[in-house]
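For the sequence shown, the numbering used here gives the first residue as 3, with consecutive numbering after it.
Down below is the structure, laid out as structure tokens.
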Amino acid sequence: MNRGRFSRVAPMATVMRLPFILSNARQMFTMLDGDIGKQMETQMAASGIVVLGWYDGATRTMYSRKKLDSVAALKDVKIRIPARQDLSDLISSLGGVPQQIDYKEVNAAFDSGRIDAAENDLLSYETEGHYKRAPYYYLNNNHIVQFEALVVPKKWLDSLPAAQRDALIAAGRESALANRNTWVERMDKARTRLEKEGVRFVEYSNSGVLLARAAALYKPYMQDPKTRDLLVSLMTNRM
3 MNRGRFSRVA PMATVMRLPF ILSNARQMFT MLDGDIGKQM ETQMAASGIV VLGWYDGATR
63 TMYSRKKLDS VAALKDVKIR IPARQDLSDL ISSLGGVPQQ IDYKEVNAAF DSGRIDAAEN
123 DLLSYETEGH YKRAPYYYLN NNHIVQFEAL VVPKKWLDSL PAAQRDALIA AGRESALANR
183 NTWVERMDKA RTRLEKEGVR FVEYSNSGVL LARAAALYKP YMQDPKTRDL LVSLMTNRM
């Protein structure tokens, strides 16, 4: 299920997709496997959709040609993003200059100097060879920790015999756990390979500033009674 549909059928999902609200996949799954996930599943069921399992949708962070020692170093850095307004607003709030460039053109944009950095997940960074142009990858700038869901129509699921329905639900839960384990293994292998290729995994010296700079993006959700409590809870439990 894509971002747009999530937002329509489960408003809580929009809050969980705000930048820097989730610090890593571990925190994300703690939320999704707990009360917050159950509330989202209830919202989706009301729209005729049943969640069989929550999947890892990858964590987006930044990588650059030259080392950026601190958040302040992001000022005026040209950063590639896809055509997404939320990411454009985020990069601007951090002092960078968002550059909306097609995914297939990222390597060429690095080569021409059109961009200084980009943002994406580790596997995309590896498989597309972006690391050859941008060898600095930032570990504590997980600006969006993404999730996906395996879903089925509630009407169809309810039409199945009880035994078949229960088996399908159990299989969905098992597939989600398998996905998470496989994802971690794949990420570990990618990092090992990239380190051998010379990639330097870096942490900003003042990463707490990231949350402060993005604060303006949270304002509409803090003012909305429907989302305020969830936002406060997520920020309080940020790991």
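Note that the Cβ used here is the ideal one computed from N, Cα and C, for glycine as well.
All of these numbers come straight from a predicted model, not from anything done at the bench.
A straight-line Cα-Cα distance of about 39 Å links R167 and M224. Bridge partners of I146 according to DSSP: R62. Across the structure, A85 and Y105 are spaced so that their CA atoms are roughly 10 Å apart.
Under a 10 Å Cβ-count criterion, N144 is classified as buried, with 16 or more other Cβ atoms of the shown protein chains found around its own Cβ. A Cβ-Cβ separation of about 5 Å places P21 in contact with L92 under the 8 Å criterion. By the 16-neighbour rule on beta-carbons within 10 angstroms, T61 is buried. Taking the C-beta atoms as reference points, R116 is found nearer than 8 Å to K80. For N239, there is no enclosing beta strand (DSSP E), since its DSSP letter is neither H nor E. Within the DSSP bridge table, the entry for V234 names no partner. With a cut-off of 8 Å on Cβ pairs, the stretch 29 to 38 is not in contact with the stretch 156 to 163, counting fewer than three such pairs.
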